[in-house]
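Peer 1: Numbering (our numbering), first residue to last: 4 to 813. Note that beta-carbon positions come from the ideal geometry of N, C-alpha and C, so glycine has one too.
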């Protein structure tokens, strides 16, 4: 802009002097004045707020307070009890009878009812910068239900009502994450305490109940982890835990992975857990490590039903154990990176997956017990078992479900024993059912049978025979054998087992093959095949629901000496034998079973030798009298015994014994009930024996344990008459009288000596008729045995019975 002043003019006026700029730093008096004004303003606000606290009666504003709470939560809130307010810079509000409505789809109207709510708030932070700092929050006698709806939405997620500004389209101011305010606009909770309260969590059909004696935690500023301590009872399981959980802001946002780290005791067991729990879209996911250790299971056993676990058969106490599991949960699938259970030197591991809906398994299991005997003893399960000292190991793949588990690729090693195969169970049916198909190259039972002569474990009575009474010479042991315990077992099943080599002490059984079935309370063992004592055995066994036993079988070329060793008895006969049997029996012990025996038993032997006590008993003076050497009778060419039984009473159908110097035919009967016998034997000396005429028939009577041998009186008289006639005793009249006596005694009916060298044993028995008798009846057999004489063949017969019937050694 041009200067419009005239060129010629008077003196120009003086320009005003510029003022000095104000200093950026005011004088002290000004600063003091500002501070006084600011302090006065704050004081005025505080005084005003305090005046309001003293002047306001909270009960008069009950409805307004409830409305504000409803606006903040989106749920109806009822304040039924009195409201009190303490006046101070940290005022405390106490409300009783508070209820908060549940979500519309909830299972009950109220989400929470609180007997007493006590909140103490710091006034200055609230007035100066709008920050809510809760000094103390206490809930007492609260009943809180946490549940999810069909969409998985939790009722703890609140939806605040929109503010009027938001309703008019004005955006609400964003919550600051700085300036000292808590993350996400949440208050700072310095001390939270919940006492005498119950929290129930319900998801679908599952429900967990938490009775809180005391729960304390704090919510620091800035979204920091929340320290927490709880003492409560979860489904009857007492717990006392402390640690820290994720920030409350993360929990309220209901999204992401929520960290948890707790340590303490649950149901009497030590627990240490760390990991994350999924919220929101990640709900149902978890990842972490859990360690449980302890020994007492009393509290856990009591609490197990609350978690849907049947713990009726659990022991009250276990040896000190520790279980550590690392894994992740996604939906209903639990993936175990590694789970390890240890107790002493025993360790079991599991890896794989577990489907929790069902549930179902896809696990690989391993277990190793260097000292299984000590482990079983610590469990109280080895009192009556002879457990080998050798270590054991197991590997298997577990599949199926809890009601139908399946084990595949099973390998069990225990000492020298190895078993492989597969097994499964059906636990969902009315009667549990077990199936298995197992094989083993070798099973060594000697390690399970205890040391020879070892006394049974204290208190065990399972299969032990009752102590023999004084003077009791019975051979069949009075061993309890209740077969209904098998048929009435609480399980059914089908089990197949093939064993290449089965060892029992010094004896050995080979090529064992069996199939066991238990269905409808009937036990079937069909077939049983094995090779024992160089012979082959085939048998079928059936036990009816009543306990009645049916057995059919045969054995070929069995070495009797090896068989005696297999049974733990002293051998009395060394030979090869064929055996056939078909019978039924019933009873609660071996004696009762024998007394009820119906059926037939047959035994045939080839060349062999009497040994042991039986051979010693035959080395007596009567051999010399009959012009026989011990080898003439101890060396056996063959023997045959066939007996028919009716209710324990046996009738001998065929009995023959052939030795180089002697052939014996027999008949008669025996009673398995009273263990007595009444047998008649007809000996025939070999042709050319000068004492052939002196071989008279004899009777064996008495008990199995103490049989007696007596000559047949009539046969002895006939023999005496015949000898006298041959020797020409007396004159003509005497000889005539002897002839008459001989005729009356039936002397002519007796044949001479039977040649033994050329005729096979079976043919001789068939061609030489025996003295047929009526089958023995209980009343016909003497109840009081006659004592045998010293050096008498009764000793041999006694030993034979004890060896064949399994009696104890004298």
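Cα separation between residue 554 and residue 655?
Peer 2: Approximately 20 Å between the Cα atoms of the pair.
Peer 1: Give me the Cβ distance between residue 580 and residue 598, rounded to the nearest whole Å; I'm assuming they're in contact under 8 Å.
Peer 2: The pair is not a contact, with the Cβ atoms about 25 Å apart (cut-off 8 Å).
Peer 1: Considering residue 480, what are the terminal residues of the alpha helix (DSSP H) in which it resides?
Peer 2: Neither: residue 480 is in no alpha helix (DSSP H) and is coded neither H nor E.
Peer 1: Residues in the same chain with beta-carbon distance under 7 Å from residue 230, minus the five sequence neighbours each way, listed in chain order, please.
Peer 2: These residues qualify, in order along the chain: 220, 221, 247.
Peer 1: For residue 532 and residue 491, which I take to be in contact (beta-carbon distance under 8 Å), what is that distance rounded to the nearest angstrom?
Peer 2: The pair is not a contact, with the Cβ atoms about 28 Å apart (cut-off 8 Å).
Peer 1: In its own chain, which residues sit with a C-beta less than 6 Å from the C-beta of residue 516, not counting the 5 before and 5 after it?
Peer 2: So the qualifying residues of the chain are 501, 532.
Peer 1: Assuming residue 105 is part of the beta strand (DSSP E), what are its boundary residues?
Peer 2: Run containing residue 105: none; DSSP gives neither H nor E here.
Peer 1: Helix, strand or coil, according to DSSP, for residue 657 in the structure here?
Peer 2: DSSP places residue 657 in strand when its eight states are reduced to three.
Peer 1: Please report the Cβ distance between residue 680 and residue 703, rounded to the nearest whole angstrom; I am assuming they are in contact, meaning their Cβ atoms lie under 8 Å.
Peer 2: Contact holds; Cβ gap of about 6 Å.
Peer 1: On the criterion of 16 or more Cβ atoms from any shown chain inside 10 Å, does residue 315 qualify as buried, or is it exposed?
Peer 2: Classification for residue 315: exposed.
Peer 1: Checking the sheet assignment: what are the DSSP bridge partners for residue 681?
Peer 2: DSSP lists 672, 704 as partners of residue 681.
Peer 1: Measure the C-alpha to C-alpha separation of residue 604 and residue 301 and round it to an integer number of angstroms.
Peer 2: Roughly 56 Å separates the two Cα atoms.
Peer 1: Determine the DSSP secondary structure at residue 615, reduced to helix, strand or coil.
Peer 2: It is helical.
Peer 1: Mind reading off the beta-carbon distance from residue 328 to residue 351? Whole number of angstroms is fine, and I expect it under 8 Å.
Peer 2: The pair is not a contact, with the Cβ atoms about 12 Å apart (cut-off 8 Å).
Peer 1: Using a 10 Å radius around the Cβ and a threshold of 16 neighbouring Cβ atoms, would you call residue 132 buried or exposed?
Peer 2: Flag for residue 132 reads exposed.
Peer 1: Determine the extent of the alpha helix (DSSP H) in which residue 567 is found, giving its start and end residues.
Peer 2: 563–569 is the extent of the alpha helix (DSSP H) around residue 567.
Peer 1: Quick one: complete beta strand (DSSP E) runs, 3+ long, within the region 257–303?
Peer 2: Entirely contained in the region 257–303, the beta strand (DSSP E) runs reaching 3 residues are, in chain order, 259–269, 272–282, 288–299.
Peer 1: Just verifying my parser: in three-state terms, what is the DSSP assignment at residue 406?
Peer 2: Correct three-state label for residue 406: coil.
Peer 1: Could you tell me the alpha carbon to alpha carbon distance between residue 93 and residue 252, rounded to whole angstroms?
Peer 2: Straight-line Cα distance between these residues: approximately 24 Å.
Peer 1: Can you tell me whether residue 700 is buried or exposed, with buried defined as 16 or more other CB within 10 angstroms of its CB?
Peer 2: Under this definition residue 700 is a buried residue.
Peer 1: I believe residue 147 touches residue 104 by the beta-carbon criterion, under 8 Å. Please report the beta-carbon distance rounded to the nearest angstrom.
Peer 2: About 13 Å separates the two Cβ atoms, so there is no contact after all.
Peer 1: Alpha carbon to alpha carbon, how far is residue 392 from residue 482?
Peer 2: So the alpha carbons of these two residues sit roughly 28 Å apart.
Peer 1: Can you tell me whether residue 83 is buried or exposed? The criterion is at least 16 other CB atoms within 10 Å of its CB, across all chains shown.
Peer 2: Residue 83 is exposed by the Cβ-count criterion.
Peer 1: Going along the chain, which unbroken runs of the beta strand (DSSP E) with 3 or more residues stay wholly within the region 310–364?
Peer 2: Fully enclosed beta strand (DSSP E) runs of 3 or longer: 320–333, 336–346, 349–358.
Peer 1: Can you tell me whether residue 670 is buried or exposed? The criterion is at least 16 other CB atoms within 10 Å of its CB, across all chains shown.
Peer 2: Its Cβ being crowded by 16 or more others within 10 Å, residue 670 is buried.
Peer 1: If you drop the 5 nearest sequence neighbours on each side, which residues of the same chain put their C-beta closer than 7 Å to that of residue 486?
Peer 2: So the list reads 546, 550, 552, once near-sequence residues are dropped.
Peer 1: Let's test the definition: count the other Cβ atoms within 10 Å of the Cβ of residue 643 and tell me whether it reaches 16, buried, or not, exposed.
Peer 2: Its Cβ being crowded by 16 or more others within 10 Å, residue 643 is buried.
Peer 1: Run the CB neighbour count on residue 577, radius 10 Å, all protein chains shown included, and call it buried at 16 or more, exposed below.
Peer 2: By the neighbour-count rule (16 or more Cβ atoms within 10 Å), residue 577 is buried.
Peer 1: Go ahead and label residue 686 buried or exposed: buried means 16 or more other beta carbons lie within 10 angstroms of its beta carbon, across all protein chains shown.
Peer 2: It is buried - the Cβ of residue 686 has at least 16 other Cβ atoms within 10 Å.
Peer 1: Which residues in the same chain have their Cβ closer than 6 Å to the Cβ of residue 519, if we skip the five residues on either side of it in sequence?
Peer 2: Answer for residue 519: 498, 528, listed in chain order.
Peer 1: Run the CB neighbour count on residue 683, radius 10 Å, all protein chains shown included, and call it buried at 16 or more, exposed below.
Peer 2: So residue 683 counts as buried.
Peer 1: Please state whether DSSP places residue 308 in a helix, a strand or coil.
Peer 2: It is helical.
Peer 1: Let me check one thing: in DSSP terms, what residues is residue 114 bridge-paired to?
Peer 2: According to DSSP, which records beta bridges pairwise, residue 114 is partnered with nothing at all.
Peer 1: Can you tell me the Cα-Cα spacing of residue 197 and residue 332, whole angstroms?
Peer 2: When rounded, the distance between both Cα atoms is 30 Å.
Peer 1: Is it buried or exposed, residue 902, if we count other Cβ atoms within 10 angstroms and call 16 or more buried?
Peer 2: Residue 902 is absent from the model: the chain starts at 4 and stops at 813.
Peer 1: Using 10 angstroms around the beta-carbon of residue 63, count the other beta-carbons present and answer buried if the total reaches 16, otherwise exposed.
Peer 2: Counting Cβ neighbours within 10 Å, residue 63 comes out exposed, since fewer than 16 surround it.
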